[in-house]
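Below: the structure, in structure tokens.
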Amino acid sequence: MENFKNEIVSVLQPLVQLAEKDVQQQLTVPPELKMGDYSFPCFVLSKSWKRSPQEISAFLAEKLGEAIEESFWISDVKSVGPYLNFFCSREKLAQETLQGAFYEKEKYGHLQEGQGKNVVIDFSAPNIAKPFGIGHLRSTVIGSSLYRIYEAMGYNCVGINHLGDWGTQFGKLMLAYKLWGSEDSLREDPISYLYQLYVKFHKAAEEDPSLEEEGRKWFKKLEDGEEEALQLWSHFRDLSLREFNRIYDRLDITFDAEQGESFYNEMLAGTIDSLMEQNLVQESEGALIVDLEAFGLPPCLLRKKDGATLYATRDLCAAIYRYEKYRFHRLIYVVGAAQSLHFQQLFKVLECMGFPWAERCVHVPFGLIKFKEGKMSTRMGNLIFLEDVIDKAVELARQIIEEKNPGLKDKNRVAEMIGIGAVIFGDLSNDRIKDIDFDWDKVLDFSGETSPYIQYAHARICSILRKENVTVIPEINTSLLETGEEQALILALARFSETIKKAAETYKPSILARYLIELTRDFNNFYHQCPVLTAEGELRQARILLIDGVRQVLVNGLYLLGIEAPSEM
RNA sequence: GCGCCUGUAGCUCAGGGGAUAGAGCAACGGACUUCUAAUCCGUGGGUCGCACGUUCGAAUCGUGCCAGGCGUGCCA
Numbered sequence: 053m054e055n056f057k058n059e060i061v062s063v064l065q066p067l068v069q070l071a072e073k074d075v076q077q078q079l080t081v082p083p084e085l086k087m088g089d090y091s092f093p094c095f096v097l098s099k100s101w102k103r104s105p106q107e108i109s110a111f112l113a114e115k116l117g118e119a120i121e122e123s124f125w126i127s128d129v130k131s132v133g134p135y136l137n138f139f140c141s142r143e144k145l146a147q148e149t150l151q152g153a154f155y156e157k158e159k160y161g162h163l164q165e166g167q168g169k170n171v172v173i174d175f176s177a178p179n180i181a182k183p184f185g186i187g188h189l190r191s192t193v194i195g196s197s198l199y200r201i202y203e204a205m206g207y208n209c210v211g212i213n214h215l216g217d218w219g220t221q222f223g224k225l226m227l228a229y230k231l232w233g234s235e236d237s238l239r240e241d242p243i244s245y246l247y248q249l250y251v252k253f254h255k256a257a258e259e260d261p262s263l264e265e266e267g268r269k270w271f272k273k274l275e276d277g278e279e280e281a282l283q284l285w286s287h288f289r290d291l292s293l294r295e296f297n298r299i300y301d302r303l304d305i306t307f308d309a310e311q312g313e314s315f316y317n318e319m320l321a322g323t324i325d326s327l328m329e330q331n332l333v334q335e336s337e338g339a340l341i342v343d344l345e346a347f348g349l350p351p352c353l354l355r356k357k358d359g360a361t362l363y364a365t366r367d368l369c370a371a372i373y374r375y376e377k378y379r380f381h382r383l384i385y386v387v388g389a390a391q392s393l394h395f396q397q398l399f400k401v402l403e404c405m406g407f408p409w410a411e412r413c414v415h416v417p418f419g420l421i422k423f424k425e426g427k428m429s430t431r432m433g434n435l436i437f438l439e440d441v442i443d444k445a446v447e448l449a450r451q452i453i454e455e456k457n458p459g460l461k462d463k464n465r466v467a468e469m470i471g472i473g474a475v476i477f478g479d480l481s482n483d484r485i486k487d488i489d490f491d492w493d494k495v496l497d498f499s500g501e502t503s504p505y506i507q508y509a510h511a512r513i514c515s516i517l518r519k520e521n522v523t524v525i526p527e528i529n530t531s532l533l534e535t536g537e538e539q540a541l542i543l544a545l546a547r548f549s550e551t552i553k554k555a556a557e558t559y560k561p562s563i564l565a566r567y568l569i570e571l572t573r574d575f576n577n578f579y580h581q582c583p584v585l586t587a588e589g590e591l592r593q594a595r596i597l598l599i600d601g602v603r604q605v606l607v608n609g610l611y612l613l614g615i616e617a618p619s620e621m
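Residue numbers (our numbering): 53 to 621.
Now the structure itself:
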């Protein structure tokens, strides 16, 4: 598809006297398939040419008539009103696309742009000693998907789970444990017990604000390395990690490093020192800050008046450490939009410190998961556990399998793929910046724009390909694929690669998710209109290769979202 | 107060200068002796929050307003 576009630019550019870039930018996709594959609107030329866009379009179409004959990709040019519409050679496009999918398999659609470059992605980052709530799903699945998308772009990715394993909340938790905790209850169900303690603490602190102060003291003890505090901390941390890993396993998510906030403790002093040497630090109201007023930003707090550090300090250390270790081409933080200001400050401080790579740090923000009942917060105790959501979705998938395909083998495995896929897709299919209204009915709906819809189409294709006397052969007569449904499918497949690129550039997996829905819709139209198995000879072979291409792109695309596709369901 | 984000069909959302603004859900009506009906086809449903501006052209860009969310120094 890119080749086709480039060819349009090269034949059109000398005629219209615009820069190549401008020509490229003007090109749009017509609203209907039969209008062509790319269109050049002639309005821009109207003024300088002193002619109506309709006349210009007609003129250009005639002029281009000859140039087109020697063209490889462009099969036709038509003037439609003010638009100049280009048609791609469908046979060549089908050839290139379908053979590409056939030969490149799971690499189909991938690019080489990122060869030899490292991209560090900071995602998930749950807080130790707190349950893995539905709120953590977003960073986890968006980050993991971006990881896979950037790998498909050719980059070498480093996924880091910046665990929230340090900070004042631990002081509070330790205090709560000291006040009300019991080792027995802790051992029984660690996370949920710690969670209860945490909620209890915040309720009690409302009555007695001195508890907050006491909690901060406990965190200070931890930072000072006091034995008892350290032991409790390490105990809580181990128990939590075990729980998180169970969830990551189910979601098929891995990290290359699990350096949490605590990892940077030893570097804190050094970082503050070097900030001081550069005269970037000031004392204010007993705290240590970097004044950013010159940049229209509130000050960045490095150290509290009690001497304990804040997360900005740890994030500074982390960024510096990561650059030294990975020399990243880009450092991506997949963190909620609520922390936008924090990252503006963080990047600005790095810039002030003279790090040229500060501009290669990006915050990829996302909206909140909201509830009809109001805001969800760990403190209030109205958390929805991610695992409960997954369990319910998987259970529903199992029920539907029992009802529709009771003879299916490996039911549990398939139910897991479908249920988990639905949960992930439900999150990734919407623009990440928007808040999501959490709705059980929506999570547990497997029809329409959902991943089971895509998986189902995939399973149907596999079912056809499993039939006797079906062999996928790459050499076909592409001119036989002439119905609107087939053309639409080929075109959709041809746009896979540019969709990956767009998703990567905008850090939006939702673009890929939408693409897969549309591809699946195109396939379903085809499926209901064009028989494969009962088609004759060459046409049958051509359609077999076509659906095999669709199958491959569905698998590859779902993989990039972190979703598996069962071959039967 | 100030800053950032969001506002499109009853609901959930695509589209983010270009041709008639699209899906899904919900409602109603159709399609399984034919490749899996978790599917498909059809019907109804819209002052693209409001106003002004830029442009040949605005849901899309700018400014102002309205509504909601988030943030705004010792949480992360």
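A virtual CB, placed ideally from N, CA and C, is assigned to each residue, including glycine.
From what residue to what residue does the alpha helix (DSSP H) around residue 540 run?
Here residue 540 is taken as the residue at index 488 of the first sequence, counted from 1. Start and end: 536-546.
Which value, in whole angstroms, describes the spacing of the CA atoms of residue 621 and residue 519?
Residue 621 sits at position 569 when you count from the first residue of the first sequence. Residue 519 sits at position 467 when you count from the first residue of the first sequence. Those two C-alpha atoms are separated by around 16 Å.
What separation, rounded to the nearest whole angstrom, lies between the Cα atoms of residue 70 and residue 76?
The residue given as residue 70 occupies position 18 in the first sequence. The residue given as residue 76 occupies position 24 in the first sequence. The alpha-carbon atoms of residue 70 and residue 76 are separated by roughly 10 Å.
Apart from the five residues just before and just after residue 537, which ones in its own chain have a Cβ nearer than 8 Å to its Cβ?
The residue labelled residue 537 in the question sits at position 485 within the first sequence. Contacts found: 574, 577, 578, 581 and 582.
Residues that DSSP places opposite residue 210 in a beta bridge:
Numbered from 1 along the first sequence, position 158 holds the residue referred to as residue 210. In the DSSP output, where bridge partners are listed per residue, residue 210 has 172.
Just to confirm before moving on: does the CB-CB distance between residue 413 and residue 393 stay below 8 Å?
The residue you call residue 413 lines up with position 361 of the first sequence. The residue you call residue 393 lines up with position 341 of the first sequence. Against a cut-off of 8 Å, the Cβ pair of residue 393 and residue 413 comes out as no contact.
Just to confirm, is the Cβ distance from residue 365 to residue 355 under 8 Å?
Taking the first sequence and counting its residues from 1, one reaches residue 365 at position 313. Taking the first sequence and counting its residues from 1, one reaches residue 355 at position 303. The answer is yes: Cβ separation under 8 Å.
Best match in 121, 200, 196 and 216 for proximity to residue 638 [C-alpha to C-alpha]:
Within the shown structure, residues of the chain are numbered from 53 to 621, placing residue 638 beyond reach of any answer.
Just verifying my parser: in three-state terms, what is the DSSP assignment at residue 95?
For this step, residue 95 is matched to residue 43 along the first sequence. The answer is helix: DSSP assigns residue 95 an H, G or I state.
Three or more beta-carbon pairs under 8 Å between the stretch 300-319 and the stretch 244-261, yes or no?
no
As assigned by DSSP and simplified to three states, the class of residue 692
Nothing can be reported for residue 692: it is not among the residues displayed for the chain, which extend from 53 to 621.
Counting only runs of 4+ residues fully inside the stretch 123-160, write out the alpha helix (DSSP H) ranges in chain order.
142-156
Classify residue 367 as helix, strand or coil using the three-state DSSP reduction.
Locating residue 367 in the first sequence gives position 315, where the first residue counts as 1. Helix at residue 367.
Would you be able to state if there are at least three C-beta pairs under 8 Å between the stretch 112-121 and the stretch 130-143?
yes
Do residue 271 and residue 220 come within 8 Å of each other at the CB atom, strictly closer than that value?
In the first sequence, the residue the question calls residue 220 occupies position 168. In the first sequence, the residue the question calls residue 271 occupies position 219. Yes, these two residues count as a Cβ contact at 8 Å.
Residue ranges of each alpha helix (DSSP H) run of no fewer than 4 residues wholly in the stretch 415-500, ordered along the chain?
438-456, 463-480 and 492-495
Measuring alpha carbon to alpha carbon, tell me which residue in 542, 608 and 455 is nearest residue 147.
Here the question's residue 147 lines up with position 95 in the first sequence. Ranking 542, 608 and 455 by Cα distance to residue 147 puts 542 first.
Integer Cβ distance of residue 608 from residue 199, believed to fall under 8 Å
As a first step, residue 608 is located in the first sequence; it is residue number 556 there, counting from the start. As a first step, residue 199 is located in the first sequence; it is residue number 147 there, counting from the start. About 15 Å; that fails the 8 Å criterion.
I believe residue 208 touches residue 170 by the beta-carbon criterion, under 8 Å. Please report the beta-carbon distance rounded to the nearest angstrom.
If you number the first sequence from 1, residue 208 lands on position 156. If you number the first sequence from 1, residue 170 lands on position 118. The Cβ separation is near 5 Å, so the contact holds.
When the Cα of residue 294 is compared with those of 235, 166, 402 and 243, which residue comes out closest?
Here the question's residue 294 lines up with position 242 in the first sequence. Checked all of 235, 166, 402 and 243; the closest Cα to residue 294 is 243.
Sequence-distant residues of its chain with Cβ nearer than 8 Å to residue 57 (five each side left out):
Within the first sequence, residue 57 is the residue found at index 5, counting from 1. Closer than 8 Å at Cβ, skipping near neighbours: 76, 79 and 90.
Could you tell me the distance, in whole angstroms, from the CA atom of residue 103 to the CA atom of residue 368?
Here residue 103 corresponds to residue number 51 of the first sequence, with the count starting at 1. Here residue 368 corresponds to residue number 316 of the first sequence, with the count starting at 1. Going by the C-alpha atoms only, they are around 59 Å apart.
Using 8 Å as the threshold, is the C-beta distance between residue 284 and residue 250 below it?
Counted from its first residue, the first sequence places residue 284 at position 232. Counted from its first residue, the first sequence places residue 250 at position 198. It is not a contact, given that the beta carbons lie outside the stated cut-off.
Can you find the residues in the same chain that come closer than 8 Å, C-beta to C-beta, to residue 157, ignoring five residues on each side of it along the sequence?
Counting from one through the first sequence, the residue named residue 157 turns up at place 105. For residue 157, where only same-chain residues beyond five positions count, the Cβ hits under 8 Å are 604.
On the CB-based measure, 16 or more other CB atoms within 10 Å of its CB, does residue 276 come out buried or exposed?
Counting from one through the first sequence, the residue named residue 276 turns up at place 224. Residue 276 should be labelled exposed.
Can you tell me the Cβ-Cβ gap for residue 109 and residue 133, rounded? I've got them flagged as a contact below 8 Å.
Translated into positions along the first sequence, residue 109 becomes position 57. Translated into positions along the first sequence, residue 133 becomes position 81. Rounded, the Cβ-Cβ distance is 7 Å, consistent with contact.
Let's see if you can read the secondary structure: which residues bound the alpha helix (DSSP H) around residue 518?
Position 466 of the first sequence holds residue 518. Unbroken alpha helix (DSSP H) run through residue 518: 503-518.
Host beta strand (DSSP E) of residue 191 (start-end)
Taking the first sequence and counting its residues from 1, one reaches residue 191 at position 139. First-last for residue 191: 189-204, but that is the alpha helix (DSSP H), not the beta strand (DSSP E).
Would you call the stretch 442-456 and the stretch 465-479 touching, i.e. three or more CB-CB distances under 8 Å?
yes
Could you tell me the distance, in whole angstroms, from the CA atom of residue 337 to the CA atom of residue 343?
What you label residue 337 is simply residue 285 of the first sequence in a count that begins at 1. What you label residue 343 is simply residue 291 of the first sequence in a count that begins at 1. Each residue's Cα considered, the two are about 13 Å apart.
Might you give, ordered along the chain, the residues of its own chain that have their beta carbon closer than 6 Å to the beta carbon of residue 246, omitting 5 neighbours on each side?
On the first sequence, position 194 is the one that residue 246 refers to. Taken in chain order, the residues that qualify are 181.
Please classify residue 525 as buried or exposed, where buried requires at least 16 other C-beta atoms within 10 Å of its C-beta.
To locate residue 525, count along the first sequence from 1; it is residue 473. Residue 525 is exposed by the Cβ-count criterion.
Beta-carbon gap between residue 487 and residue 553 smaller than 8 Å:
Within the first sequence, numbered from 1, the residue matching residue 487 stands at position 435. Within the first sequence, numbered from 1, the residue matching residue 553 stands at position 501. The answer is no: Cβ separation not under 8 Å.
Pick from 226, 495 and 532: whose alpha carbon is nearest that of residue 440?
Stepping through the first sequence from its first residue, residue 440 is reached at position 388. Of the listed residues, the one whose Cα sits closest to residue 440 is 495.
Among residues of its own chain, excluding the 5 on either side of residue 615, which ones have a beta-carbon nearer than 7 Å to its beta-carbon?
As a first step, residue 615 must be located in the first sequence, where it is residue number 563. Excluding sequence neighbours, residue 615 sits near 473, 476, 477 and 503.
Could I get the ranges of all uninterrupted beta strand (DSSP E) runs contained in the stretch 245-323, with 3 residues as the minimum, in chain order?
none
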